[in-house]
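K.L.:
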Amino acid sequence: MTQRQKLLLGTMLLLVGGITYLLFRPSTLLMFHVADYLGLSPVIDRIREGMTSAWLPEFIVYSLPGALWSAAYLLTADCFLQGQSVKTRLMITSIIPLIGAVSELLQLTGLLPGTYDGWDLLCYLIPYLLYLTCITKNKLIWI
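Residue numbers for the sequence shown follow the numbering used here, beginning at 998 and rising by one.
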């Protein structure tokens, strides 16, 4: 996969996760404040009104965006880490997936506000585990 393809796929995954949030999640989330700051709230509100009859499974709405964002980060980070050692690539690419996983585990223990979801935990970790497997087996399918 070329650098350009990785960046394009990463961008698409990021957008699909973001659009899922904006269309189907409660409007109290931080992303809505950012959209409001950017002046996008009227457009988003109009689209959301048209989506009132649309239904997606909870997994797609609440967990899958984490997997998409984790994979987007991995693709993008790996693209910029081209030529670095495997150790460096693994250290840097692990940041976002592990932050997501640790936040879920802290929610489970009650040390972080929020609702623990095992699917969320898996969605943060599966893209990283695939990346880890590929890079350590030297079968860099991402590249």
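Beta carbons are placed, not taken as given, at the ideal position from N, Cα and C, and that holds for glycine.
Could you check what DSSP says for T1049 in three-state terms: helix, strand or coil?
P.N.:
Looking at T1049 - three-state DSSP - the assignment turns out to be coil, as it is neither helix nor strand.
K.L.:
Does the stretch 1069-1082 come within contact of the stretch 1018-1031, defined as at least 3 CB pairs closer than 8 Å?
P.N.:
Contact between the stretch 1069-1082 and the stretch 1018-1031 is absent, because fewer than three Cβ pairs lie under 8 Å.
K.L.:
For K1003, which three-state DSSP category applies?
P.N.:
Of the three classes helix, strand and coil, the one that applies to K1003 here is helix, per DSSP.
K.L.:
For Q1000, which residues from the same chain have a beta carbon less than 6 Å from its beta carbon, with the 5 sequence-adjacent residues on both sides left out?
P.N.:
The answer, listed in chain order, is C1076.
K.L.:
Which whole-angstrom value is the C-beta distance of L1087 and L1129, which I expect to be below 8 Å?
P.N.:
About 7 Å; that satisfies the 8 Å criterion.
K.L.:
In this structure, does DSSP put I1132 in helix, strand or coil?
P.N.:
Three-state DSSP puts I1132 in a helix.
K.L.:
Taking only the alpha-carbon atoms, compute the straight-line gap between C1131 and P1094 and give it to the nearest angstrom.
P.N.:
Roughly 16 Å between the two C-alpha positions.
K.L.:
Between W1052, L1010 and D1117, which has its C-alpha nearest L1103's C-alpha?
P.N.:
It is D1117 whose Cα lies nearest to the Cα of L1103.
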